[in-house]
Structures are given as C-alpha cells and as structure tokens.
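Everything on this sheet refers to the single structure shown next.
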Amino acid sequence: MSEPSMDTVSDKESVSTTAVETGEQWQRLSPISILYFTASNIKKLAQFLIYVVPAVAVTANVLDLKDSPYVIPVALLLLVSLSVSGVISYFFYHFRISEQHVEVKDGVFNRRHMNLPFWRIQNVKIEQPIYYRPMQFALVILDTAGSAQEEAKIVAVPLSYAQALRKQILAYHTDEKPVAAQEESKQASAGEDEEVLTRRKIRDLIIHGITNNRVWIILGAAAPFYDSISDVVFRWLNARGLNLEQLISEQTAAWWQIGLYTLTLLMLIMALLALLSVGGALLTFYDYTLSRDGDRYIRRSGLLNKQEVSMRQSRIQMVTAKQDWLDNILGRVNLYFEQNTSGNQQQQAELMSPNKLLVPSVTIKETQALVKEAMPESQLYETTYQPVSLRYLWHWLGVWVWPPTLLIVGIYLYNQAWELAIGTSVVAVLLSLILVLRWWRWGYGDDARYVYVRSGRIGLDYQCFEKYKVQQVKVSQSLLMKRRKVATLNVLLASGNITIPYMPEQNAWKLANELLYVAEKSRRSWM
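Residue numbers (my numbering): -11 to 515.
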C-alpha cells in the first residue's frame, strides 16, 4: 500500500500542509523501516548478551570457541537471520490514524492491535536515527503514561508527517469535540514562535560527561573477561620490549615505586572512562536546546540520532534539581522536569525517558530561572528548610549501626582478629558519617502553592511540586516514634513517591491535611 499523504514538501511549510488522517484504510510503512527493525533486533540481542556474559566467558574459556571454525559462519548466519526478521516485521506492520485515534498492528507470532485515542497520549517523541536522516524520515513514539507495553511506535514516516502528527495530538483536549480539536490543530500547525530557554554548549556537555560518569557499569559487565584482556595487554607490551612483571617485581622496584605505578595505571583507567563518558554525553546531548512553544516544553538533542521530546507545562508533576559531589564542587545542576511515570519501567534510562526532560549541567542561576519559568513564584533555593528530627539519626545509629558493630567487633577481639575488628570499626565510622550527612541534608518547606524537599548525602537534591497535584498522603508512626511525637510523611504524585522522615508530629499532620484540602478543593486539571 502507498504511504498516507506524506509527500515531503519543504520543511516548515510541509508541517502545516501535511494531512495526518489516513482514513479507514490500513497503511504500510516505508521500506526504510526494515533498517529500524533490523537495528532493533540487534539491540535486543546485545541487551540479552549482557546478561549472559558470565556464561559466555566460561564457555569461551572451557571450549576455546575463539579458535573454532564455526564462530564466523554462526555469526554471519545470526546477522542474516536478524535482517530477515526485519523484513518480516516490515510486512506485518500496519497503522492508521482515523477519527482522533492511532491504531497500530504489529508482531509476527504474537500479533498486537493497539488503539490509542489522542486524549490518552501523554507525550509524542520524535527520533531520527542516523540511517533515517539522509532521507528525512523519523520514528514517532506515543507515550500513554501507562505500562511500557502500551507504548506505540510508528517507526518510519517522513519527518514533516511526524511533526504534523505531534502538533495535532498535542493540540487535542479531552473536553473538546473532534471538530474543535481539528480547528485547534490547524491553528497550532501554523506554529507560534518558539522561545529558546537554554542551550548547552560543548563545554557544558564535557562537564556533564565528567560529573555523571556511568561507564563503570561496562567494567562490571566485562569482569569475566579480565583475564583474557590482561593476557592480550601483556603480550602486546612484551612484543614491544616492555615486561611489566620485571618492571614492578619486588626485586627490581621499591614498594613506593609499585604504589606509584599502580596509582598511574588507575589514573589512566579513570581518564579513559571519563573520555568514554564525555563521548556518550556529546552523542546524546549535542546541539541541545530547550524551547517553549505556548504551554509546551520541547527538548531537541542528539549527534547521530536526533531526538525531539515535548511536554505540556500543566503535566509537569515535579521539578528535581540534582547535584552529585562533583557537580556540587563545580556549581552545576542536572535539572529534571518530571511528568506521569506510573506503570513505566523505572529502570529506563533517565536521559532517554520520554517522561522526563533533562537539562544537563546548568548553573544554579540558570536552574533558578528555569524552575521559576516552569513553576511561577516557586522558591526552591530561597525558602527556609526545616530540618528533620535528630531522632532520625539516633534511630539509625542506635539501632541499626552501632549495636551490631559492637557485637561483631567484640567477637573479633575475643578471637584476636585485630585486623577484622579495625576494618569493621572503620566501616561503621564511615557509615555513621554518611548518615550524619544524610540527616543534615534533609529538610522541607512549603508556601501557599508549593512544597519543597531537600535531601542528599555528599551530593544535594532539591524537589518542588504543587500542592494540588498530590494524589495520596500517608502519615506513619512506629510506637517509639509516637512516644517521641515524630512521624514520617509520604506523598504520592503521578511522577513518584516523596518521603519526609521524622518530622515533628504536629508539622506532619498539618502539612498532610493541607495537601488533602488543596487537592480536594482544586478543580484544576494537571493532565
């Protein structure tokens, strides 16, 4: 079947002239979607292999697969199978957009027919993988804020069509009739001038890559291959006349020299990991812009795969400003605008999640401006935070840290295991210091419109949400907490749960009652 009125015209004009409705007929994607299906299958295979890395490593060592003549033919057969599966997925995929509904049929053995009315779609995300960009095609992801299994994808449409579809869906309101929604979509398609709120320079992305280094996860996945990697490195160095065993042996080097060599090696590894992390940040956030078009925030970024994610201001449930210890030193903040995440997989990468808009490595001054822009009159950094009760600290130190520590240390001393006793004591002291920092960081505050929560250990995090968006409030007390007149307040939002522990009992009930009153009284919609 032919594509649905998707003739590529010129960029901006085509967005306003492209027809979104496909009618009652089911449409097939462009053949270029075969590339997407094949790449997706390869990605799923790679994710599966990460979980079976230890087994693969053991098998490779026991059976010596690397010298087997079947390795290359099997790998080629696997790649051909993945490509064939991409072609099959293309033939089994159909979609149509009719009467404010998006319908998708996909799957080969497990067939799926998804019907999404516009009012259920929370967010529209547009991606341009590198293999789509020469032909100006795009991937459209429709997020429903439900289960990740309910996420719909139209995997290969012209970019102009994807942008027109996004505008029409975001212009739709649940309390309007379809005709009115179409009229509004025409007005929206004309497009208001976007206001660029912030851009991220290369320098900012380099700082983000250094301060948010997650490449250590690769080290954990590669652990079973350390022996093989070390053998390759040693052979490569020996072939060039550098024998590490002789260089760092106790007979030829003093202890301080061995320590210096080890420290140098660790610094080189850390520098390499930092470079990899910086490279990942540049790939993900290159040419980053955060814009505002009417009541919508739009994030665009990406070097190879361009992404465009939008979010209505009314759907922002919470603003979170996060600072790791290195961010704190450099005065940088990772700012998140969070919307409905109920039912979504929490392990989804924060950077790529359609439910969060991340503004990487902004300064505190920029953070204040962006927060006030999203939540007018908020005082995230200016408010006076009340500390949680000192009972929080006594509870953790007096019940869960030092009594078990003293018991274990006493057993070690009885058996004259001096080193173990000292090691256990050092761990307990470090844990106690972390708990002290945790108690010292924790604070809360509120005003007529917002609630503010501060937390962290070595780093520092701030959270802000509007009172009327609260869905559930819970005040909990143990018997000891009740005697000491302290309580823990749990607040449930569509974006997740917020906990304020060991508040004075009177403050906890006062804030809980106020949140429930405002939520019940307010008739404002946040969806």
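Idealized CB from N, CA, C, for every residue including glycine.
Distance CB(residue i)-CB(residue j) smaller than 7 Å
| i | j | result |
| --- | --- | --- |
| residue 458 | residue 451 | no |
| residue 305 | residue 481 | yes |
| residue 85 | residue 12 | no |
| residue 393 | residue 357 | no |
| residue 412 | residue 397 | yes |
| residue 510 | residue 438 | no |
| residue 6 | residue 148 | yes |
| residue 385 | residue 420 | yes |
| residue 448 | residue 311 | yes |
| residue 376 | residue 276 | no |
| residue 432 | residue 488 | yes |
| residue 346 | residue 299 | no |
| residue 70 | residue 22 | no |
| residue 486 | residue 313 | no |
Own chain partners of residue i with C-beta closer than 7 Å, once the 5 adjacent residues on each side are dropped
| i | result |
| --- | --- |
| residue 483 | 305, 306, 326, 327, 328 and 329 |
| residue 496 | 463, 475 and 477 |
| residue 185 | 278, 279, 280, 358 and 361 |
| residue 545 | What is shown of the chain runs -11 to 515, which leaves residue 545 out entirely. |
Other residues of its chain near residue i: CB distance less than 6 Å, five sequence neighbours each side excluded
| i | result |
| --- | --- |
| residue 309 | 321, 323, 355 and 450 |
| residue 182 | 279 and 281 |
| residue 430 | 376 and 443 |
| residue 142 | 83 and 128 |
| residue 286 | 279 and 298 |
| residue 408 | 400 |
| residue 381 | 427 |
Simplified DSSP state of residue i, which is helix, strand or coil
| i | result |
| --- | --- |
| residue 306 | strand |
| residue 273 | helix |
| residue 462 | strand |
| residue 364 | coil |
| residue 381 | helix |
| residue 500 | helix |
| residue 436 | coil |
| residue 447 | coil |
| residue 482 | coil |
| residue 16 | coil |
| residue 492 | strand |
| residue 431 | strand |
| residue 104 | strand |
| residue 376 | coil |
| residue 510 | coil |
| residue 312 | coil |
| residue 583 | Nothing can be reported for residue 583: it is not among the residues displayed for the chain, which extend from -11 to 515. |
| residue 287 | strand |
| residue 36 | helix |
| residue 98 | coil |
| residue 109 | coil |
| residue 403 | coil |
Cβ distance (whole Å) where residue i is taken to contact residue j below 8 Å
| i | j | result |
| --- | --- | --- |
| residue 296 | residue 303 | No, residue 296 and residue 303 are not in contact; Cβ-Cβ is about 17 Å, not under 8 Å. |
| residue 128 | residue 114 | 6 Å |
| residue 15 | residue 82 | 6 Å |
| residue 160 | residue 88 | 6 Å |
| residue 591 | residue 144 | Limits of the chain in this structure are -11 at one end and 515 at the other, which puts residue 591 out of reach. |
| residue 188 | residue 348 | 6 Å |
| residue 284 | residue 153 | No, residue 284 and residue 153 are not in contact; Cβ-Cβ is about 15 Å, not under 8 Å. |
| residue 271 | residue 291 | 5 Å |
| residue 58 | residue 25 | With a Cβ gap of about 27 Å, residue 58 and residue 25 do not count as contacting. |
| residue 96 | residue 80 | 5 Å |
| residue 499 | residue 434 | 6 Å |
| residue 508 | residue 363 | With a Cβ gap of about 21 Å, residue 508 and residue 363 do not count as contacting. |
8 Å CB neighbourhood of residue i in its chain, flanking five on each side removed
| i | result |
| --- | --- |
| residue 100 | 92, 93 and 94 |
| residue 220 | none |
| residue 465 | 474, 475, 476 and 493 |
| residue 195 | 318, 320 and 349 |
| residue 140 | 90, 92, 102, 104, 129, 130 and 132 |
| residue 269 | 193, 194, 196, 197, 200 and 348 |
| residue 316 | 446, 447 and 448 |
| residue 106 | 88, 89, 90, 156, 157, 160 and 169 |
| residue 267 | 197 |
Original post:
Are the stretch 453 to 467 and the stretch 495 to 513 touching, with three or more C-beta to C-beta distances below 8 Å?
Top reply: yes
Original post:
When the Cβ atoms of the stretch 115 to 126 are set against those of the stretch 67 to 75, are three or more pairs found closer than 8 Å?
Top reply: no
Original post:
Does the stretch 424 to 444 touch the stretch 399 to 407, meaning 3 or more C-beta pairs lie closer than 8 Å?
Top reply: no
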